[in-house]
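Let me begin by presenting the structure, written as structure tokens, before commenting on it.
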Amino acid sequence: MVMVNPHKSKDTIKLAIEYYEKHKVSYLEVVSIFQINEKILRRWIQKYNDDTSIQRKKRNAISYKITEYQVKYLLRLVKGYPTLSVRLLWTKMHEKFRTFNL
């Protein structure tokens, strides 16, 4: 199975926006030509009109479900008890961190 990158290149985005603005065609025509979703095209055009830019925002990767302290504790548990079951591991994590829930 081949994984396809869902993000379009900056060139493709720019071409789609320019084609829409230059040829004064409907969203549906541009969508069918560039094989994209209409909602995505609308978002691109809105962003381009607001910022005059098509640059993607760089976002920092952060964990929302587990803290760094919890990860360190989890690693210590696994190193200390290599045959620990997932169920027991979850129980120990929940005992230590009452709000822990994955």
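Every position in the sequence shown, counted from 1, becomes a number in my numbering once 1401 is added.
Glycine residues also receive a C-beta, built at the ideal position from the N, C-alpha and C atoms.
Find the nearest neighbour of residue i within the set the options, judged by alpha-carbon distance.
i	options	result
LYS1473	ALA1462, LYS1497, LYS1458 and LEU1489	LYS1497
Can you give me the C-alpha to C-alpha distance between residue i and residue j, rounded to a whole angstrom?
i	j	result
VAL1403	PHE1435	At VAL1403, the pLDDT of 47 sits below 50, so the modelled position is not reliable and the matter cannot be decided from this model.
LEU1490	ILE1446	48 Å
LEU1476	ARG1460	27 Å
TYR1482	GLU1469	20 Å
THR1500	LEU1478	18 Å
LYS1411	ARG1457	9 Å
LYS1415	ALA1462	27 Å
LYS1440	LYS1480	48 Å
Going by beta-carbon coordinates alone, are residue i and residue j separated by less than 8 Å?
i	j	result
ARG1443	TYR1428	yes
TYR1449	ILE1418	yes
VAL1432	ASN1438	yes
For the alpha helix (DSSP H) that contains residue i, what are its first and last residues?
i	result
THR1413	1411–1424
Verify the CB distance criterion: does residue i have a CB-CB separation below 8 Å to chain B?
i	result
LYS1440	Absence of chain B from the displayed structure is noted, only one protein chain being present.
When DSSP labels each residue in this structure, what does residue i get in the three-state scheme?
i	result
GLU1433	In the sequence as displayed, the identity of residue 1433 is Ser instead of Glu. It is helical.
LYS1480	helix
ARG1499	coil
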